[in-house]
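Below is one structure; the comments refer to it alone.
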Amino acid sequence: MNLFYEIALTQVPKLGLKRVRVLLDTFGSAEAVFAAPRDAFDNTGPVQKYLFDEHGRGEAMRRAEKEMEFISKNSINAIHITDSRYPYRLAQCSDAPVILYTVGSDTFPSEHYVAVVGTRSCTAYGRNITEKFVRELAAMLPDVTIVSGLAYGIDVCSHKAALENGATTIGVVAHGLDMIYPPAHRSVAATIVERGGAIVTEYISKTWPEAGNFVQRNRIIAGLCDAVVVVESAIKGGALLTAKAAGGYSRDVFAFPGRVGDKASAGCNMLLRTMQAGLIESAEDLVKAERWEAVRRETEQPLFAPEMKEEYKQIYDALKGETLHIADLALKVNMKTAALMPLLIEMEMEGIIEGIAGGRYRNVIL
Numbered sequence: 000m001n002l003f004y005e006i007a008l009t010q011v012p013k014l015g016l017k018r019v020r021v022l023l024d025t026f027g028s029a030e031a032v033f034a035a036p037r038d039a040f041d042n043t044g045p046v047q048k049y050l051f052d053e054h055g056r057g058e059a060m061r062r063a064e065k066e067m068e069f070i071s072k073n074s075i076n077a078i079h080i081t082d083s084r085y086p087y088r089l090a091q092c093s094d095a096p097v098i099l100y101t102v103g104s105d106t107f108p109s110e111h112y113v114a115v116v117g118t119r120s121c122t123a124y125g126r127n128i129t130e131k132f133v134r135e136l137a138a139m140l141p142d143v144t145i146v147s148g149l150a151y152g153i154d155v156c157s158h159k160a161a162l163e164n165g166a167t168t169i170g171v172v173a174h175g176l177d178m179i180y181p182p183a184h185r186s187v188a189a190t191i192v193e194r195g196g197a198i199v200t201e202y203i204s205k206t207w208p209e210a211g212n213f214v215q216r217n218r219i220i221a222g223l224c225d226a227v228v229v230v231e232s233a234i235k236g237g238a239l240l241t242a243k244a245a246g247g248y249s250r251d252v253f254a255f256p257g258r259v260g261d262k263a264s265a266g267c268n269m270l271l272r273t274m275q276a277g278l279i280e281s282a283e284d285l286v287k288a289e290r291w292e293a294v295r296r297e298t299e300q301p302l303f304a305p306e307m308k309e310e311y312k313q314i315y316d317a318l319k320g321e322t323l324h325i326a327d328l329a330l331k332v333n334m335k336t337a338a339l340m341p342l343l344i345e346m347e348m349e350g351i352i353e354g355i356a357g358g359r360y361r362n363v364i365l
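Mapping to numbering that gives the first Met the number 0: the sequence shown position 236 is 235, numbers consecutive.
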């Protein structure tokens, strides 16, 4: 396989992914496509016109030449769909990219790949769920890889949670690897690569993150994974497109429920109401639904009482042996709900308690 021609074929103007895939299936390689005479394409409709347009063909070659230089200078991995390194889950998808460009790892060896996606404008509830879900999942499945889009909100929260809990994570981006968008996430991207993960794209360098690219990016997120989990989403959003793509690939889709009337969860509730997603409330729910074998880590639980903040201890003691709604818990500890909620979030972040459906809480550390 000649990578130069493979890249060039993907850059022929107007040719498109579907036609490129058909040409590769027909001729065996991009080099053979370019070497074929014009009459070999007599019955291919506009393909002949696109391939033999002098300007378009020349531009494709120039782009391929520049990309080969960029790949060489920047340690970029260009993984063709026929390459054994190409992720097999994605390769099963009819619209899988012909070439994946990655910085960082060029292999996809994990047994479990889970996409964690959601709105850019996430709430504290969404961040809390994401951090807790990824933390639990990393503990139950040490080999899990968390996949997301490196965007603001739920995406970057899932990447950070994976890094904090020792899980590999992959960021799929909607632009070339000569940049990171948004720029604020450059340090996260660098850490992903340092910790054995990867930044992945189908776009060559100098490709800007245009709106349509994000839609295409979402299908790669879905295609890489066994399951897609939507944490928070408005009634319209990229996360729903990822869920739709996953459904089209016969991948499992799950969503966390939100409160009725909560705009940030309206998309999740719609997925659940229309049975486009399975309802989950924890990592354990996902593992059971997928019938994966969880690893139970034996850990010594610390004796929290001496070090625990007094207000934490009061809440912890009130929850001993019980699961309480926040209103009942507020009465039991003699606190207003508004004052209690921030403490519950802090305790949940520290793994002392956990929130479950219906605004109820229980102790994790027993």
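Heads up, the beta-carbon is just placed ideally off N, CA and C, and yes, glycines get one too.
Where Ala-114 is concerned, the enclosing beta strand (DSSP E) starts and stops at 112-116. Distance from the Cα of Leu-330 is smallest, within the candidate group Pro-341, Leu-342 and Ala-317, for Ala-317. The C-beta separation of Val-199 from Leu-99 comes to about 6 Å, placing the pair in contact by the 8 Å criterion. Per DSSP, the unbroken alpha helix (DSSP H) holding Asp-24 starts and ends at 15-26. Taking all protein chains in view, the Cβ of Met-274 is surrounded by fewer than 16 other Cβ atoms within 10 Å, so the residue is classified as exposed.
Counting every other CB atom within 10 Å of its CB across the protein chains shown gives Ala-337 a total below 16, marking it as exposed.
In this chain, the alpha helix (DSSP H) harbouring Gly-237 covers 237-247. Going by beta carbons, Ile-169 and Leu-223 fall inside the 8 Å limit. Measuring C-alpha to C-alpha distances from Val-192 to each of His-174, Ala-183, His-158 and Tyr-151 identifies His-158 as the nearest. By the Cβ criterion, the segment 97-116 is in contact with the segment 138-145, since at least three pairs of Cβ atoms, one from each stretch, lie closer than 8 Å. When Tyr-202, Pro-96, Asp-24 and Arg-119 are compared, the shortest CA-CA separation from Ser-232 is found for Arg-119.
Taking every protein chain shown into account, the CB of Ala-7 has 16 or more other CB atoms within 10 angstroms, so this residue is buried. Straight-line spacing of the CA atoms in Gln-47 and Thr-206 works out to 26 Å. Straight through space, the alpha carbons of Thr-106 and Arg-88 are spaced by roughly 13 Å. For the pair Ala-226 and Glu-289, the CB atoms are nearer than the 8 Å cut-off. Judged by DSSP in its simplified three-state form, Ile-75 adopts coil rather than helix or strand. Sixteen is the threshold: when 16 or more other Cβ atoms of the shown chains lie within 10 Å of the Cβ of Ala-238, as they do, the residue is buried.
When the alpha-carbon of Ala-77 is set against those of Thr-9, Glu-347, Ala-35 and Arg-37, the nearest one is in Thr-9. Between Val-97 and Leu-23, the C-beta spacing is below 8 Å. Take Ser-28, set aside five residues on each side of it, and the residues of its chain with a beta-carbon closer than 8 Å to its own are Met-0, Asn-1, Tyr-4 and Glu-5, in chain order. Secondary structure of Val-332 (DSSP, three-state): helix. It is roughly 6 Å from the alpha-carbon of Ala-221 to the alpha-carbon of Thr-241.
In this model, Glu-283 and Pro-86 are separated by some 26 Å (Cα to Cα). Contact annotation: Leu-270 and Val-229 have beta-carbon atoms nearer than 8 Å. Annotation: Gly-55 to Ile-234 spans about 40 Å, alpha carbon to alpha carbon.
Sixteen is the threshold: when 16 or more other Cβ atoms of the shown chains lie within 10 Å of the Cβ of Ser-104, as they do, the residue is buried. In summary, Asn-217 is buried, with 16 or more beta-carbon neighbours lying within 10 Å of its beta-carbon over all protein chains present.
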